[in-house]
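J.: Going by the working numbering, the first residue of the sequence shown is number 4, and it counts up by one from there. For each residue, glycine too, the CB sits at the ideal point set by N, CA and C.
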Amino acid sequence: MSVVSAAVSALAVEDLSVELPRDGTTIRPVNGVSFTVERGRSLAIVGESGSGKSVTLRAILGLLPKGGRVTSGHVAVEGRTLKESRRNLGRGRDAHLSIVFQDPLAALNPVLTVGAQIAEAPRFVLGLTRRAARDRALELLRLVGIPDPVRRYDAYPHELSGGLRQRVMIAVALSSEPKVLLCDEPTTSLDVTIQAQVLALLSDLRRDEGLALVFVTHDLGVAAEVAEDLAVMYAGRLVETGPVSEVLSSPKHPYTFGLLESAIDVDTPDRIPLAIPGSLPDLSQLPKGCAFHPRCFLATPECTTTDVELRSVGEGRASACLHADQLTIGTRRS
Ligand SMILES: Nc1ncnc2c1ncn2[C@@H]1O[C@H](COP(=O)(O)OP(=O)(O)OP(=O)(O)O)[C@@H](O)[C@H]1O
Ligand code: SF4
Ligand SMILES: [Mg+2]
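#1: Buried or exposed: Leu-277, going by 16 or more other Cβ atoms within 10 Å of its Cβ?
#2: Taking only runs of the beta strand (DSSP E) that begin and end inside the stretch 232 to 280, which ones reach a length of at least 3 residues, in chain order?
#3: Using the Cα positions of Gly-148 and Gly-82, report the straight-line distance between them to the nearest angstrom.
#4: Assuming Ala-234 and Arg-44 form a contact by the criterion Cβ under 8 Å, report the distance between their Cβ atoms to the nearest whole angstrom.
#5: Taking contact to mean 3 or more Cβ pairs, one atom from each stretch, closer than 8 Å, check whether the stretch 133 to 143 and the stretch 195 to 202 are in contact.
#6: Quick one: give me the first and last residue of the alpha helix (DSSP H) that Asp-310 is part of.
#7: Using only Cβ atoms and a threshold of 7 Å, which residues come within that distance of a heavy atom of ligand 3? Order them by chain position.
#8: Quick one: what does DSSP say Ser-37 is sitting in, helix, strand or coil?
#9: Taking the straight line between their C-alpha atoms, what separation do you get for Leu-108 and Phe-38?
#10: Between Ala-302 and ligand 2, is the CB less than 7 Å from at least one heavy atom?
#11: What's the gap between the Cα of Leu-325 and the Cα of Thr-307?
#12: Val-6 by DSSP, collapsed to three states: which one?
#13: Taking Leu-223 and Leu-262 to be in contact with their CB atoms under 8 Å, please state how far apart those CB atoms are, rounded to whole angstroms.
#14: Considering only DSSP beta bridges, list what Ile-102 is partnered with.
#15: Identify whether Pro-284 lies in helix, strand or coil by the three-state DSSP scheme.
#16: Starting from Thr-84, follow its DSSP beta bridges and name the residues at the other end.
#17: In the DSSP output, which residue or residues are listed as bridge partners for Phe-218?
#18: What does the alpha-carbon distance come out to for the pair Glu-327 and Glu-249?
#19: Does any heavy atom of ligand 1 sit closer than 7 Å to the C-beta of Pro-32?
#20: By how many angstroms is the C-alpha of Asn-112 removed from the C-alpha of Ala-158?
#21: Which residues in the same chain as Thr-116 place their Cβ atom closer than 8 Å to its Cβ, once the five residues preceding and following it in sequence are excluded?
#22: Starting from Val-117 and walking both ways along the alpha helix (DSSP H), at which residues does that stretch end?
#23: From Ser-75 to Leu-185, what distance separates their C-alpha atoms?
#24: Mind the definition here: the stretch 204 to 214 touches the stretch 279 to 299 only if three or more C-beta pairs lie below 8 Å; say whether that holds.
#25: For Glu-22, which beta-bridge partners are listed by DSSP?
#26: Measuring alpha carbon to alpha carbon, tell me which of Glu-41, Ala-62 and Val-40 ends up nearest Gly-239.
#27: What residues match up with Leu-14 in a beta bridge as DSSP calls it?
#28: Is the beta carbon of Ala-174 less than 8 Å from the beta carbon of Ile-121?
#29: Shortest alpha-carbon distance to Ala-50 belongs to which of Gly-213, His-256 and Ala-124?
#30: Mind pulling the beta strand (DSSP E) runs of 3 or more residues that sit fully within the stretch 137 to 165?
#31: Checking the sheet assignment: what are the DSSP bridge partners for Leu-322?
#32: From this set, Arg-134, Glu-318, Ser-54 and Glu-180, which residue's C-alpha is nearest Met-236's C-alpha?
#33: Using only the alpha-carbon positions, how far apart do Thr-331 and Ile-279 sit?
Here's what the structure looks like:
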């Protein structure tokens with residue numbers, strides 16, 4: 004008799020909800036978020052500014068802003084719940100899970116050289132000798148395309164340009180040889196050539212090491228390039244998920260449709276982007292029913308009263324829209 008073990012996802016996030024204090028009230032920037040990422044796969048998360056992307060990544064790591072708390076949910080890396088692994092490694096220091104923060108200057112330690120910061124995990128998490136950890140840090144500096152790594156090793160973060168700091172942050176994140184990498188807009192401050200280089204590096208790590216990637220971006224083109232799967236976030240909830248090419252060519256949620264229509268497309272510069280009307284709601288006073296209804300071109304009275312959960316709208320696809328079946332039109336891109 005053969006025993007077949009159940010496949011374990013590299014990252015499994017289930018029903019994650021977060022509360023944060025703000026202006027004397029409590030907001031819920033992450034609300035019932037669930038997703039999985041398999042080894043070697045990549046999930047892109049998109050959504051307008053303030054939709055909860057960064058707080059989601061921080062909650063996965065257990066690094067919420069002061070006063071924030073996870074009110075529900077379960078996070079597992081390679082089948083181990085994060086609480087268990089943190090007990091061994093200290094808060095936020097799971098060897099299998101790393102993050103590239105949105106703001107590298109805030110994330111890097113200002114009083115340590117970049118080399119020391121990159122060598123820390125090889126030395127103290129992977130157990131390399133001081134010499135081997137330094138060699139590994141230099142190798143990582145080279146890998147992320149930092150010119151003259153021997154000189155840069157001894158630089159402090161403030162001595163480097165924004166682009167170089169971003170690459171140092173990526174090197175720090177890779178230094179513990181993580182199984183799962185969370186990237187929060189990791190390429191926004193990089194020029195096009197370096198951006199392509201970093202994306203290629205991440206793609207190599209996925210193929211060669213089975214790295215699983217969660218990639219937050221504003222750029223739908225980057226999402227399509229870097230990920231197989233897409234999650235669209237609105238006001239703290241995932242409102243559409245599925246294979247990136249399918250979601251972008253035939254969205255099943257009016258918000259995704261709106262994001263596509265409002266994006267600038269470099270391939271068709273004559274096409275005028277159409278902004279989604281209105282703006283993201285105040286998270287302390289979310290509209291009843293579907294939170295997108297005040298901005299939605301398909302809204303009906305039912306949408307203002309019915310809470311909508313993500314539900315299947317085809318093979319591997321899900322949408323939190325009551326009228327997803329009416330969205331059979333493609334976008335102007337397709
Ligand atoms: N430290 C904090 N205290 C209170 N509210 C916060 C804090 N950090 C984030 N928020 C709020 O949580 C919500 C989600 O923020 P988050 O940073 O996750 O958005 P985002 O999707 O990452 O946006 P962006 O694309 O601009 O990075 C926003 O309403 C934001 O104002
Ligand atoms: S549920 Fe209604 S308001 Fe919400 S996205 Fe769908 S059609 Fe629009
Ligand atoms: Mg953010």
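T.: According to the structure shown:
#1: Counted from its first residue, the sequence shown places residue 277 at position 274. By the 10 Å Cβ count, Leu-277 comes out exposed.
#2: 232 to 237 and 240 to 246
#3: Against the sequence shown, residue 148 aligns to sequence position 145. Against the sequence shown, residue 82 aligns to sequence position 79. Cα to Cα, Gly-148 sits roughly 33 Å from Gly-82.
#4: As a first step, residue 234 must be located in the sequence shown, where it is residue number 231. As a first step, residue 44 must be located in the sequence shown, where it is residue number 41. 13 Å between Cβ atoms; not a contact.
#5: no
#6: Here residue 310 is taken as the residue at index 307 of the sequence shown, counted from 1. Taken as a continuous stretch (DSSP letters only), Asp-310 belongs to no alpha helix (DSSP H), as it is neither H nor E.
#7: Lys-56, Ser-57, Gln-105, Asp-187, Glu-188 and Val-219
#8: Along the sequence shown, one-based indexing puts residue 37 at 34. Three-state DSSP puts Ser-37 in a strand.
#9: Residue mapping note: residue 108 aligns to position 105 of the sequence shown, counting from 1. Residue mapping note: residue 38 aligns to position 35 of the sequence shown, counting from 1. One C-alpha to the other measures close to 29 Å.
#10: Sequence index remark: in the sequence shown, residue 302 carries index 299 (1-based). Result yes, Cβ under 7 Å from ligand 2.
#11: Counted from its first residue, the sequence shown places residue 325 at position 322. Counted from its first residue, the sequence shown places residue 307 at position 304. Each residue's alpha carbon lies about 11 Å from the other.
#12: Numbered from its first residue, the sequence shown carries residue 6 at position 3. Bear in mind that a pLDDT of 42 at Val-6, under 50, signals an unreliable position, so the number given afterwards is only what the model happens to contain. Correct three-state label for Val-6: coil.
#13: On the sequence shown, position 220 is the one that residue 223 refers to. On the sequence shown, position 259 is the one that residue 262 refers to. Confirmed, about 7 Å.
#14: As a first step, residue 102 must be located in the sequence shown, where it is residue number 99. Note: Ile-102 sits in a beta bridge opposite Leu-185.
#15: Position 281 of the sequence shown, counted from the first residue, corresponds to residue 284. In this structure, Pro-284 counts as coil in the three-state DSSP scheme.
#16: Within the sequence shown, numbered from 1, the residue matching residue 84 stands at position 81. Ala-79.
#17: Sequence index remark: in the sequence shown, residue 218 carries index 215 (1-based). BP columns for Phe-218 point to Ala-47 and Cys-186.
#18: As a first step, residue 327 must be located in the sequence shown, where it is residue number 324. As a first step, residue 249 must be located in the sequence shown, where it is residue number 246. What sits at residue 327 in the sequence shown is Ala, not Glu. So the two alpha carbons sit approximately 14 Å from each other.
#19: The residue you call residue 32 lines up with position 29 of the sequence shown. Yes, since a heavy atom of ligand 1 falls inside the 7 Å radius drawn around the Cβ of Pro-32.
#20: Numbered from its first residue, the sequence shown carries residue 158 at position 155. Numbered from its first residue, the sequence shown carries residue 112 at position 109. The straight-line gap from Cα to Cα measures roughly 12 Å.
#21: For the purposes of this step, residue 116 is taken as the residue at position 113 of the sequence shown. Once the five neighbours on either side are set aside, the close Cβ partners of Thr-116 are Tyr-156, Asp-157, Ala-158 and Tyr-159.
#22: Within the sequence shown, numbered from 1, the residue matching residue 117 stands at position 114. Note, Val-117: alpha helix (DSSP H), 117 to 127.
#23: Residue mapping note: residue 75 aligns to position 72 of the sequence shown, counting from 1. Residue mapping note: residue 185 aligns to position 182 of the sequence shown, counting from 1. Roughly 20 Å separates the two Cα atoms.
#24: no
#25: The residue labelled residue 22 in the question sits at position 19 within the sequence shown. Answer is Arg-72, bridged to Glu-22.
#26: Counting from one through the sequence shown, the residue named residue 239 turns up at place 236. It is Ala-62 whose Cα lies nearest to the Cα of Gly-239.
#27: By one-based count along the sequence shown, residue 14 stands at place 11. For Leu-14, which the question treats as bridged, DSSP gives the partners Val-40 and Val-80.
#28: Counted from its first residue, the sequence shown places residue 174 at position 171. Counted from its first residue, the sequence shown places residue 121 at position 118. For Ala-174 and Ile-121, yes; Cβs fall inside 8 Å.
#29: If you number the sequence shown from 1, residue 50 lands on position 47. The question names Ala, yet the displayed sequence has Gly at residue 50. Taking only the C-alpha atoms, the option nearest Gly-50 is His-256.
#30: none
#31: By 1-based counting over the sequence shown, the position of residue 322 is 319. According to the sequence shown, residue 322 is Ser rather than Leu. Ser-322 pairs with Glu-243 and Arg-314.
#32: As a position in the sequence shown, residue 236 is number 233, starting the count at 1. When each option's Cα is compared against that of Met-236, the closest is Ser-54.
#33: As a position in the sequence shown, residue 331 is number 328, starting the count at 1. As a position in the sequence shown, residue 279 is number 276, starting the count at 1. Going from the Cα of Thr-331 to the Cα of Ile-279 covers about 19 Å.
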